[in-house]
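For the sequence shown, my numbering gives the first residue as 21, with consecutive numbering after it.
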Amino acid sequence: MRLLCSLGRTLVMAGLSAASVSVAGGSVASAQGAAPPVVSQAPPPPRVVPGDSVLRPLPFIRDSVRYALTMFRDADEIPVGRLTEFWRTDSVGGTPVLLRVQKLQRNMMQLVDSTWTDARTLAPRARRSLQQNRRVLLEFSGTRVKGSLAPLDAPPVPLDTTLRVAPFDAGNWELVMRALPLQRDFAARLPVYDLDGGLREYRVQVTGRSTVQGEDCHVVVLTLARNRESVVWVSVSTGQVLQIETMLGETTMLRQVRVR
Numbered sequence: 021m022r023l024l025c026s027l028g029r030t031l032v033m034a035g036l037s038a039a040s041v042s043v044a045g046g047s048v049a050s051a052q053g054a055a056p057p058v059v060s061q062a063p064p065p066p067r068v069v070p071g072d073s074v075l076r077p078l079p080f081i082r083d084s085v086r087y088a089l090t091m092f093r094d095a096d097e098i099p100v101g102r103l104t105e106f107w108r109t110d111s112v113g114g115t116p117v118l119l120r121v122q123k124l125q126r127n128m129m130q131l132v133d134s135t136w137t138d139a140r141t142l143a144p145r146a147r148r149s150l151q152q153n154r155r156v157l158l159e160f161s162g163t164r165v166k167g168s169l170a171p172l173d174a175p176p177v178p179l180d181t182t183l184r185v186a187p188f189d190a191g192n193w194e195l196v197m198r199a200l201p202l203q204r205d206f207a208a209r210l211p212v213y214d215l216d217g218g219l220r221e222y223r224v225q226v227t228g229r230s231t232v233q234g235e236d237c238h239v240v241v242l243t244l245a246r247n248r249e250s251v252v253w254v255s256v257s258t259g260q261v262l263q264i265e266t267m268l269g270e271t272t273m274l275r276q277v278r279v280r
C-alpha cells in the first residue's frame, strides 16, 4: 500500500475528525420554542503512539511475503503487478530494529521502499525509497522528521519539520497491527507521518473473524481518511496480512492477496 501510491494513491492515506451530526428540523423546533434533541457521540478510540504500553515488542521477525495485485473495475479484472515484502531484524547502535524492504513490480517498472523501525517501540528510524519519479530519504527522531526529496530530473528538496506528536511511519501500518492486541471490537487511532500529507491519523477497528487461505484471520477496517477505507485480513497466528481490499472509486476496487 505504500508503493501503491504510485498506482492511484491506494495505500497509504488525511487526518480524521469526528463526524459532525446535524439534526433535521432543528431550526423549526427552535422556532417553536422546543429545545433541539441532544445527540450523543461515542468517544473516539484511544490514541496509540510509538512506545505505548499497549504495543507488544517485536524483537524478532523474519518474513518474506509475495502478493498479487488486482484491480476490479465494473466487470473487468485487471492484473496490476506483484508486491514482495521482506522483513528481518537488525541492529543499529545496539538497538534492535526491523528492516522492511518492499518491491513493487509492474511490467518493466520496479519501485523499491526500505524502512528501519525500532523493534521495541515501533518508532520509525529511517526510510529510503526509489519511486517512479523521485527518491526519498527520511530520518525520524521523535517528533522531528528530516531528509530530502529528489526528483529524478531535478536537485533534491530538503525537508526538516517538527510534528506535534511522535508518529508511526505511514508506510508501516502493517507492522503496527502485528503489535496491537487485536480482538473483536478493538479500536485505536494511530498518528502517522505521510510524505505527501504530513501528520495524519489512521483508525483501526476490528470487526470480527474470518477464514482466508485456510487461516483464522482478524477482519480489520483501516480508515485512512474521511470516506477512505481498506478492509484488511490479518492472520491470528502469524500477524501476516493475507488480503487487503481498498475501494478507489464507486466501481473500482484494488485487491492485494498473499501468494503462497
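Note that beta-carbon positions come from the ideal geometry of N, C-alpha and C, so glycine has one too.
For clarity, every value in this text was computed on a predicted model and none was experimentally measured.
Neighbourhood of residue i by C-beta distance below 6 Å, restricted to the same chain and skipping five residues each side
{"i": "A143", "result": "P70"}
{"i": "M267", "result": "M273"}
{"i": "R275", "result": "T90 and E265"}
{"i": "S149", "result": "D133 and V156"}
{"i": "E235", "result": "S255"}
{"i": "V232", "result": "W253, L262 and Q263"}
{"i": "T181", "result": "V165"}
{"i": "W107", "result": "I81, D83 and R120"}
{"i": "F92", "result": "M273"}
Sub-8 Å separation of residue i and residue j beta-carbons
{"i": "V251", "j": "V241", "result": "yes"}
{"i": "A208", "j": "P65", "result": "yes"}
{"i": "Q263", "j": "V85", "result": "no"}
{"i": "L210", "j": "L118", "result": "no"}
{"i": "G191", "j": "T109", "result": "no"}
{"i": "A186", "j": "T163", "result": "yes"}
{"i": "K123", "j": "T137", "result": "no"}
{"i": "P116", "j": "A95", "result": "no"}
{"i": "K166", "j": "L179", "result": "yes"}
{"i": "G101", "j": "R82", "result": "no"}
{"i": "L78", "j": "R198", "result": "yes"}
Assigned secondary structure, residue i (DSSP; H/G/I helix, E/B strand, else coil)
{"i": "P185", "result": "Just to set this straight, residue 185 is Val in the shown sequence, not Pro. Of the three classes helix, strand and coil, the one that applies to V185 here is coil, per DSSP."}
{"i": "L195", "result": "helix"}
{"i": "A190", "result": "helix"}
{"i": "T141", "result": "coil"}
{"i": "F80", "result": "coil"}
{"i": "G217", "result": "coil"}
{"i": "T115", "result": "strand"}
{"i": "L172", "result": "coil"}
{"i": "A62", "result": "coil"}
{"i": "G162", "result": "coil"}
{"i": "V41", "result": "For V41, the predicted model reports a pLDDT of 25, less than 50, meaning its position is unreliable and no value from the coordinates is stated."}
{"i": "R96", "result": "Note on identity: in this sequence residue 96 is Asp, with Arg being the wrong assignment. It is a strand residue."}
{"i": "Q276", "result": "strand"}
{"i": "S257", "result": "coil"}
Contacts around residue i, its chain only, beta-carbon distance under 7 Å, and the 5 residues preceding and following it disregarded
{"i": "V279", "result": "R86, Y87 and A88"}
{"i": "H238", "result": "L202, V226, R229, V254 and V256"}
Sheet register partners of residue i (DSSP bridge)
{"i": "D236", "result": "T231"}
{"i": "F106", "result": "S84 and V121"}
{"i": "E249", "result": "T243"}
{"i": "G167", "result": "L158 and L179"}
{"i": "Q263", "result": "W253 and V277"}
{"i": "S134", "result": "V121 and R148"}
Contacts around residue i, its chain only, beta-carbon distance under 8 Å, and the 5 residues preceding and following it disregarded
{"i": "F206", "result": "L200, V224, Q225 and V226"}
{"i": "V212", "result": "M33, P187, F188, D189, A190, W193, L219, R220, E221 and Y222"}
{"i": "V177", "result": "S168, L169, A170 and P171"}
{"i": "E97", "result": "T90 and M91"}
Proximity test, Cβ basis, 8 Å: residue i and chain B
{"i": "D94", "result": "Absent here is chain B; the protein component of the structure consists of one chain."}
Determine, using beta-carbon pairs with one atom in the region 154 to 170 and one in the region 221 to 231, whether at least three such pairs fall under 8 Å.
no
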